[in-house]
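Order-wise, the sequence lines are chains A and B.
The numbering used here puts the first residue of the first sequence at 1, with every later residue one more than the last.
The numbering used here puts the first residue of the second sequence at 1, with every later residue one more than the last.
Cβ coordinates follow ideal geometry from the N, Cα and C atoms, glycine included.
This structure is a prediction, so every number in the text was calculated from the model and none was measured.
Here's the structure, in C-alpha cells; my notes come after.
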Amino acid sequence: MYSDFLRDYLIVVFFGILAFAVVGAFIGLASLVRPDRPSEAKNTAYESGVDPVDGGWSQSQIRYYIFALLFVMFDVEAVFIFPWATRLEEYGMFGLVEMTIFIFILALGLGYAWRKGVLRWV
Amino acid sequence: MSLFALIAQETPQFLPQNIAFGVIAVISVVAALKMVTTSNVVHAALYLVLVLASVAATYILLAAEFVAATQILVYIGAVMVLMLFGVMLTRAQIGAEDDLNHDQRWIGGLVAALLLAVMSYALIDHYGDDRLPETIVPQTTAEVSDEIFSTYIVPFEAISVLLLAALIGAIVVARRD
C-alpha cells in the first residue's frame, strides 16, 4: 500500500523531470542556433522608446498587505474544508454546524474589512 | 562500508525511499544555504520556496499526503505571498544589496546552532533507536478529518478566532486614519 502510494508520486516526479528536460532541451537547442550579441542597451526596460528613469521597483502601499492576509485566511479555511468535504456525509448535522461556525467567524473578518472600507480600492 | 551499502543492508525494502530522501535533503540544504547567503531579498524568498517544497516532498515520502498538500497550499501559496508583500512594503529598493550581511550574523548563527542542538536532542531523546514500522499505511485525508472533527474540534474552532484576530490586527495597523 505504501509502495503503491509512492509509485503514484513517482509519476509526479517523472513529469517534473520531463518538464525541466523539455525546457532545458529547447533553450539549449535555441542557444546553439541563435546569434549571441549581448549589450547594455538590450538589458534596459522598454518604455515606449523612452529611456527609463529610476528602478522598476517602488515601495507598495500597505493596502496590498490586507489582501495578502485575506488570502492567507481563506487559504487556511480551504485547507480545513477539504478534509471536512471528504467525510461530510458521515458527520451529518454535526459537521454542518461546526463548519458553519468556523466559516461564520472568518466571515466576520471579511465583514469587518468591508465595514472599515479597506476593500474599497479608490 | 559505504553509507548506501549500510542503508541497503539495514532496510532493503526502503532503498528507493532512502535515495529519494537523500536527493530531497541535498536540495533542501543547498537551497537553505543559498537563501541565507544571497544578496537579493527576493531571491532569498524564492529559495525559501524551494526549501518549503522539499519539506513537502519529505512529507510525501512519509506518506502524509494531506500535510504535504497543506504545506504547498498554505506555505508556498499564501505565506510566501505575505512575505513578498512584506518585503515590497518595507523596502523601497529591491535588488542586489551589499549591506545585507552585518555583525549580527554571528549571533544568528549561534541561535541556529542552539536550535539545531535542542531539536536534535529532543528527537534523539524521544525516538532513540526506534525504527520505522515495516509496513507503513498512508494516512488518508478522511482520517485526518476524523481527527479534526473529534479530538481536535476545539482547536479547530479556535483557529478561526486566531485568524480573525490576525486580520483585524492588520486592518487596524494598515488603515489610513
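Notebook entry, point to check: When DSSP builds the beta bridges, which residues end up paired with A:V50?
Noted result: Here residue 50 of chain A is taken as the residue at index 50 of the first sequence, counted from 1. Its beta-bridge partners are A:E47.
Notebook entry, point to check: In chain A, which residues lie less than 7 Å from B:G77 when you measure between Cβ atoms?
Noted result: Translated into positions along the second sequence, residue 77 of chain B becomes position 77. Contact of B:G77 with chain A by beta-carbon distance below 7 Å involves D75.
Next item on the list: Take the Cβ of B:S150 as the centre, count every other Cβ of all protein chains shown within 10 Å, and call the residue buried at 16 or more, exposed below.
Entry: Start at 1 with the first residue of the second sequence, and residue 150 of chain B comes out as number 150. Label assigned to B:S150: exposed.
Check: Should A:W121 be flagged as near chain B, meaning a C-beta pair shorter than 8 Å?
Finding: One-based indexing of the first sequence puts residue 121 of chain A at position 121. It does not; no Cβ of chain B falls within 8 Å.
Margin query: Can you list, in chain order, the residues of its chain with a C-beta nearer than 6 Å to that of B:I27? Leave out the 5 residues immediately preceding and following it.
Written below: Here the question's residue 27 of chain B lines up with position 27 in the second sequence. Short of 6 Å from the beta carbon of B:I27, and not among the five residues preceding or following it, lie these beta carbons of its own chain, in chain order: S54.
Next item on the list: Would you mind sorting B:T135 into buried or exposed? The rule is 16 or more other CB atoms within 10 Å of its CB.
Entry: By one-based count along the second sequence, residue 135 of chain B stands at place 135. So B:T135 counts as exposed.
Notebook entry, point to check: Tell me the DSSP bridge mates of B:A64?
Noted result: Counting from 1 along the second sequence, the entry for residue 64 of chain B is found at position 64. Paired residue(s): B:Q139.
Next item on the list: Note down, in chain order, every chain A residue with its Cβ under 9 Å from the Cβ of B:S39.
Entry: As a first step, residue 39 of chain B must be located in the second sequence, where it is residue number 39. Going along chain A, no residue has its Cβ under 9 Å from B:S39, so there is no contact; the nearest lies around 15 Å.
Next item on the list: Compute the Euclidean distance between the alpha carbons of B:V67 and A:S48, then round it to the nearest angstrom.
Entry: As a first step, residue 67 of chain B is located in the second sequence; it is residue number 67 there, counting from the start. As a first step, residue 48 of chain A is located in the first sequence; it is residue number 48 there, counting from the start. Cα to Cα, B:V67 sits roughly 48 Å from A:S48.
Check: Apart from the five residues just before and just after B:A32, which ones in its own chain have a Cβ nearer than 7 Å to its Cβ?
Finding: For the purposes of this step, residue 32 of chain B is taken as the residue at position 32 of the second sequence. V51, listed in sequence order.
Item checked: Residues that B:E157 contacts on chain A, provided the C-beta gap is smaller than 9 Å -> Translated into positions along the second sequence, residue 157 of chain B becomes position 157. By Cβ distance, chain A contributes E98, I101, F102, I105.
Next item on the list: Taking a Cβ distance cut-off of 8 Å, strictly less, list which residues of the region 148-172 of chain B are near chain A, in chain order.
Entry: I148, F149, I153, F156, E157, I159, S160, V161, L163, L164, A166, L167, I168, A170, I171
Check: Hey, is the region 128-147 of chain B in contact with the region 1-12 of chain A, meaning 3+ C-beta pairs nearer than 8 Å?
Finding: Yes: the two stretches touch, three or more of their Cβ pairs being nearer than 8 Å.
Next item on the list: Out of A:M99, A:I62, A:L6, state which residue places its alpha-carbon closest to the alpha-carbon of B:T90.
Entry: Taking the first residue of the second sequence as 1, we reach residue 90 of chain B at position 90. Answer by Cα proximity: A:I62.
Notebook entry, point to check: Does B:V81 get closer than 8 Å to chain A when you measure Cβ to Cβ?
Noted result: Within the second sequence, numbered from 1, the residue matching residue 81 of chain B stands at position 81. Chain A contact via Cβ: present.
Check: Got a sec, what are the start and stop residues for the alpha helix (DSSP H) B:A166 sits in?
Finding: As a working mapping, residue 166 of chain B is identified with position 166 in the second sequence. Segment 153-174, the alpha helix (DSSP H) holding B:A166.
Next item on the list: Specify the secondary structure class of B:N40 as computed by DSSP and reduced to three states.
Entry: Your numbering for residue 40 of chain B matches position 40 in the second sequence. It is a strand residue.
Notebook entry, point to check: Is it buried or exposed for A:F74, if we count other Cβ within 10 angstroms and need 16 for buried?
Noted result: Walking along the first sequence from the start, residue 74 of chain A turns up at place 74. Classification of A:F74: buried, given that the 10 Å Cβ count is 16 or more.
Notebook entry, point to check: Would you call A:W84 buried or exposed, if buried means 16 or more other Cβ atoms sit within 10 Å of its Cβ?
Noted result: Within the first sequence, numbered from 1, the residue matching residue 84 of chain A stands at position 84. Buried, because 16 or more other Cβ atoms sit within 10 Å of the Cβ of A:W84.
Check: Could one say the Cβ of B:F21 lies closer than 8 Å to chain A's Cβ atoms, at least one of them?
Finding: As a first step, residue 21 of chain B must be located in the second sequence, where it is residue number 21. It does not; no Cβ of chain A falls within 8 Å.
Note to self: Out of B:T38, B:M35, B:A57, which one is the CA nearest neighbour of B:A20?
What the structure shows: As a working note, residue 20 of chain B is residue 20 in the second sequence. If we check each option's Cα against that of B:A20, B:A57 comes out closest.
Check: By the criterion of Cβ-Cβ separation under 8 Å, what are the contact partners of B:P138 in chain A?
Finding: What you label residue 138 of chain B is simply residue 138 of the second sequence in a count that begins at 1. Going along chain A in sequence order, the residues near B:P138 (Cβ under 8 Å) are M1, Y2, F5.
Notebook entry, point to check: Any idea if A:T44 is buried or exposed, counting beta-carbon neighbours within 10 angstroms, 16 or more meaning buried?
Noted result: Locating residue 44 of chain A in the first sequence gives position 44, counting from the first residue. When all chains shown are included, A:T44 counts as exposed.
Item checked: Proximal chain A residues relative to B:V111, where beta-carbon distance stays under 7 Å -> Translated into the one-based positions of the second sequence, residue 111 of chain B becomes position 111. Those do not exist, as B:V111 stays about 26 Å from chain A at its closest Cβ, beyond 7 Å.
Next item on the list: Flag B:A32 as yes if its beta-carbon sits less than 8 Å from any beta-carbon of chain A, otherwise no.
Entry: For this step, residue 32 of chain B is matched to residue 32 along the second sequence. Output row for B:A32: interface = no.
Next item on the list: Alpha carbon to alpha carbon, how far is A:L18 from A:G117? Give it in angstroms, no decimals.
Entry: Counting from 1 along the first sequence, the entry for residue 117 of chain A is found at position 117. Counting from 1 along the first sequence, the entry for residue 18 of chain A is found at position 18. Cα-Cα distance, rounded: 47 Å.
Check: Expressed to the nearest angstrom, what Euclidean distance is found between the alpha-carbon atoms of A:L6 and B:R131?
Finding: Locating residue 6 of chain A in the first sequence gives position 6, counting from the first residue. Locating residue 131 of chain B in the second sequence gives position 131, counting from the first residue. In a straight line, the C-alpha of A:L6 is about 19 Å away from that of B:R131.
Check: Would B:A78 be called buried (16 or more neighbouring beta carbons within 10 Å of its own) or exposed?
Finding: Within the second sequence, residue 78 of chain B is the residue found at index 78, counting from 1. Classification of B:A78: buried, given that the 10 Å Cβ count is 16 or more.
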